[in-house]
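As structure tokens, the structure follows; a few thoughts come after it.
Residue numbers (my numbering): 32 to 471.
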């Protein structure tokens, strides 16, 4: 039943009461530690969502909105980045000086009056130390240092932003080297600042790994972006991927005072993309100069040898007429002696061979005649024997041949009563049926 005497507040009135309570009870500033889960800038103002996480829970135990108005943010932002050398971003732990504010239309939020960058810097250092300790415990921190760069590292896989000035400087430094050395570079585009740095570079490394036989080394370079935005290069997952990569990884992502974790685990860390390019040019030019020195040394030694042989040749040439004359006379005498010996030896050899042939001829012909006569006699005997064993001659003498199924019968044990047999005599054949079998 409707109560007509009940007095209701409007939402604006109720929220106004809340605002008054908050302004009275929370009328001072508070330092608060929190993690930033979201951050964005709109028209110069900075809006954050703060959370507090419990390692044993999947959802935050506390959550609140915070705002920093443009007039204050213009002061706090450069100060924070100057100390931490990083822009404020999600996942960062911060120490904020805040005051409570409740607005009838927009609700409750904390208004940021100050940020202590040294707190964040200490937290970053702690996280960085934890990651380095983890990498060492896994035994991967120095894996890249154990790799060997090929003698001629000319095929280079480059991870960089396609439009980055640093990538252009890198390519120009390689192509314009004073030695005319040639390099093959293949770009694997990646995001080099912001929250996508880790996943983007890991994706590029995976693509290179599928084609690792095509490259000698991998280069990760960064240029043209914010010099303070290096947080994406200080993650455990990215460091593990770089440390475990099968090819040497060379980085050029920092500046003189910056050194990321992947710089520490990489095969070689240099400060700028142009320094990385110079490193490759120096590798090849050092080998080029070494080969040039070896070439010069070989030419020098060859020239020395030629000079020595030339002097030796001239010395021998001066002695040659006398030596040649003596040797020529001696050799001619030896040749005449050998010729005489050869002629005599040949005549004797021919005479002995002729005698042997005559002896063989005188003995071979009679033996051949006797052998032929003997073989003719053997053939005659064989012919007579064949005639005697001719079946037709045996049939003429009264013998017969008995066959069953086309086969000659030799054993009556293989016959049976009632079986028909074929008998051949001298003049014709006849068949008969077996009535009784007599076994021997």
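We put the beta carbon where it would ideally sit given N, CA and C, even for glycine.
Query	Result
Report buried or exposed for residue 287, applying the criterion of at least 16 other Cβ atoms within 10 angstroms of its Cβ.	Low confidence applies here, because residue 287 scores a pLDDT of 49, under 50, leaving its location unreliable; read the following figure in that light. Per the 10 Å Cβ criterion, exposed.
Would the beta-carbon of residue 60 fall within 8 Å of that of residue 128?	yes
For a minimum of 3 consecutive residues, which ranges assigned as the beta strand (DSSP E) are wholly contained in the segment 202-237?	215-220
Can you name, in chain order, every residue of its own chain whose Cβ lies under 7 Å from the Cβ of residue 456, other than the five neighbours on each side?	426 and 431
Is the beta carbon of residue 263 less than 8 Å from the beta carbon of residue 229?	yes
Whole-angstrom Cβ separation of residue 221 and residue 235, contact assumed at under 8 Å?	5 Å
Give the range of the beta strand (DSSP E) segment to which residue 443 is assigned.	It is not in any beta strand (DSSP E) - residue 443 carries neither H nor E in the DSSP assignment.
Nearest to residue 140 by alpha carbon, out of 320, 50 and 429?	50
Three-state secondary structure (DSSP) at residue 129?	strand
Starting from residue 62, trace the beta strand (DSSP E) in both directions and tell me its first and last residue.	61-73
Keeping to the same chain, check which residues put their C-beta closer than 6 Å to that of residue 359; ignore five residues upstream and five downstream.	none
Considering only the beta carbon of each residue, do residue 97 and residue 79 sit closer than 8 Å?	yes
Count the other C-beta atoms from every protein chain shown that fall within 10 angstroms of the C-beta of residue 113, then say buried if there are 16 or more, exposed otherwise.	exposed
Closest to residue 297 by C-alpha separation, out of 305, 308, 283 and 309, would be which residue?	283
Could you please give the first and the last residue of the uninterrupted beta strand (DSSP E) stretch that includes residue 252?	248-252
Between the beta-carbon of residue 450 and the beta-carbon of residue 435, is there less than 8 Å?	yes
At what residues does the alpha helix (DSSP H) containing residue 160 begin and finish?	148-169
For the alpha helix (DSSP H) containing residue 294, list its first residue and its last residue.	292-296
Terminal residues of the continuous beta strand (DSSP E) containing residue 78?	76-83
With 16 other CB atoms within 10 Å as the buried threshold, where does residue 151 fall?	buried
Starting from residue 461 and walking both ways along the beta strand (DSSP E), at which residues does that stretch end?	459-464
Given that a residue counts as buried once 16 or more other Cβ atoms are within 10 Å of its Cβ, and exposed if not, what is residue 207?	exposed
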